[in-house]
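Asker: Using my numbering, the letters of the sequence shown correspond one by one to residues 3 to 394. Virtual Cβ for every residue (Gly too), placed ideally from N, Cα, C. Model, not experiment: these values are computed from the prediction. Sharing a structure here in structure tokens format.
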Amino acid sequence: MRAQDAATALFEQLTGRAPDGVWSAPGRVNLIGEHTDYNDGFVLPFAIPHRTYAAVGMREDGRIRVASTFADDAPVEIAVDELTAFFPTPTGEHPAVAEWAAYPLGVAWALQLAGAAGRGVDIAIASDVPVGAGLSSSAAIEGATASALNDLYNAGFDRTALARIGRRAENEAVGAPTGIMDQMASMLGEPDAAIFLDCRTLDANLVSVGIAEAGLEILILDTRVQHSHSTGGYRERRESCERGAAIMGVPALRDVSVGDLGRAEELMDDVTFRRVRHIVTENRRVLDTVTTLRERGARAIGDLLVASHASMRDDFEISVPELDTAVEAALSAGAIGARMTGGGFGGSAIALIERDSVQAVSDAVTAAFAASGFAPPHTFTVTPAAGARRDA
Ligand code: ADP
Ligand code: MG
């Protein structure tokens, strides 16, 4: 069943009536710019065709109930007035509700804090975004819920405000210290375009990627190694970045340039320096990728993708053997560029490949996984797709 129909069916099963509407938001893949978002830097993600749907209807009793096809748990229900007693979650603690339910309930909570008048609703969720694959099923559930409640509450928030609300839910209700990239990509996506985002100002510019016109494809290599951002590694990297910025005497690593790296190396321990060097060079690579796409086209960005992967593997140390294997096998099979994408510690890599080599590169990665004793990867192509919207 299509995810949109599944959300509607779940709503009907839950309430015995039709939803007031169905809203959706997509997952995203990041072309380049990893862990730069919470350093006030630059990113270049695009929304993917996989989406999360929220079928939603108002209730008159001031209670909010969420259900998802993702969770076998019973639906979670609380009074709208009680939301503030559940959240925020003290950093690193698990929320007082099932973790998945903290995403939609956290969005309802964050909307109220932003000034919306919360009311009772039933929310039924279904998705075709792979969960925990680095394709931001989290931003998709946040974006679908935020768009629905924004409309039903007549709150009038714009897309950027809804992205901030989603991020607040993820940071403070779920307790995952992620940046703003995922939510912005999911809210602002457009067909054929990547979103060049300045994470300090939230200035967003669409950049045509021209993948199809160049005769290319972007292949997702989902390692099926599950990651979780609520746990250790992601938080540790953030702390290293904050330490590095403090040592350099700047508000964020965005303010450190490649030319400052010599001084940084003298001032910091080796690990902190390598974390800093990843962020500083990655910001540069995002800017270079945007210029290259505009001036020379998609075929010319391969080396930047490869350099980004090496920096994440060696300096930021967020890759895993499955991701390195996927990238190496894709490049050996003729990919123009490849890199892990998303927060790391699992999830997916992307490969930029010739249109007629989808099968060959997929087969090569699958064979390399088998040779290393890894479970088979999922591979599929994606094209830049539309952001959050109302579907019905
Ligand atoms: P990613 O965003 O890379 O997929 P995250 O760990 O950030 O991974 O978010 C995954 C979590 O988001 C899931 O474990 C679940 O708690 C929640 N989630 C995502 N999609 C859904 C869904 N359709 N229904 C319920 N919860 C979901
Ligand atoms: Mg996520």
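State yes or no: is the C-beta of Ser140 nearer than 6 Å to some heavy atom of the ligand MG?
Answerer: For the ligand MG, at least one heavy atom lies less than 6 Å from the Cβ of Ser140.
Asker: Return the Cβ separation of Ala148 and Gly168 in integer angstroms, given the expectation that the two are a contact with Cβ distance under 8 Å.
Answerer: Indeed they touch by this definition, with Cβ atoms about 5 Å apart.
Asker: Quick one: residues in its chain with C-beta nearer than 6 Å to the C-beta of Ala206, no 5 flanking neighbours on either side, listed in chain order?
Answerer: Within the same chain, Ala206 has close Cβ partners Leu190, Ile197, Leu199.
Asker: DSSP state of Gly349, grouped into three classes?
Answerer: Coil, per DSSP.
Asker: Roughly how many angstroms lie between the CA atoms of Phe13 and Thr368, to the nearest whole one?
Answerer: Each residue's Cα considered, the two are about 38 Å apart.
Asker: Please work out which residues of its chain come closer than 7 Å, Cβ to Cβ, to Pro47, disregarding the five sequence neighbours upstream and downstream, and give them in chain order.
Answerer: Contacts found: Arg30, Val31, Asn32, Leu33, Met183, Ala187, Ala196, Ile197.
Asker: Please report the residue range of the alpha helix (DSSP H) in which Asn152 lies.
Answerer: Counting along the chain, the alpha helix (DSSP H) containing Asn152 begins and ends at 139 to 154.
Asker: Could you pull the start and end residues of the beta strand (DSSP E) that Thr383 belongs to?
Answerer: From DSSP, the beta strand (DSSP E) with Thr383 extends over 380 to 384.
Asker: State the Cα-Cα distance for the pair Gly299 and Ala76, rounded to the nearest angstrom.
Answerer: Those two C-alpha atoms are separated by around 49 Å.
Asker: What residue from Gly339, Arg4, Phe318 has the CA that sits closest to Leu221's CA?
Answerer: Considering only alpha carbons, the answer is Gly339.
Asker: For Asn152, collect the residues of the same chain with a Cβ closer than 8 Å to its Cβ; drop the 5 residues on either side in sequence, then sort them by chain order.
Answerer: Leu113, Ala118, Gly158, Phe159, Leu164.
Asker: Are the stretch 17 to 28 and the stretch 102 to 113 touching by the rule of at least three beta carbon pairs closer than 8 Å?
Answerer: Flag = no, the stretch 17 to 28 and the stretch 102 to 113 do not touch.
Asker: Are Thr274 and Gly246 closer than 7 Å when you measure CB to CB?
Answerer: Cβ distance < 7 Å, so Thr274 and Gly246 count as in contact.
Asker: Could you tell me if Gly43 is buried or exposed, where buried requires 16 or more neighbouring beta carbons within 10 angstroms of its beta carbon?
Answerer: By the neighbour-count rule (16 or more Cβ atoms within 10 Å), Gly43 is buried.
Asker: May I ask you to report which of helix, strand or coil DSSP gives Ala27?
Answerer: Correct three-state label for Ala27: strand.
Asker: Leaving out five residues before and five after Asp290 in sequence, what residues of the same chain have Cβ atoms less than 8 Å from its Cβ?
Answerer: Cβ within range, chain order: Leu306.
Asker: Tell me whether His125 counts as near the ligand ADP, meaning its Cβ is closer than 6 Å to at least one heavy atom of that ligand.
Answerer: Here residue 125 turns out to be Ile, not His, going by the sequence shown. Not under cutoff, so the answer is no.
Asker: Please check the pair Ala57 and Val24, which I expect to be a contact at CB under 8 Å, by giving their CB distance rounded to whole angstroms.
Answerer: The Cβ separation is near 5 Å, so the contact holds.
Asker: Just how far apart, CA to CA, sit Asp474 and Thr381?
Answerer: Residue 474 lies beyond the residue range present for the chain, which begins at 3 and ends at 394; the question has no answer from this structure.
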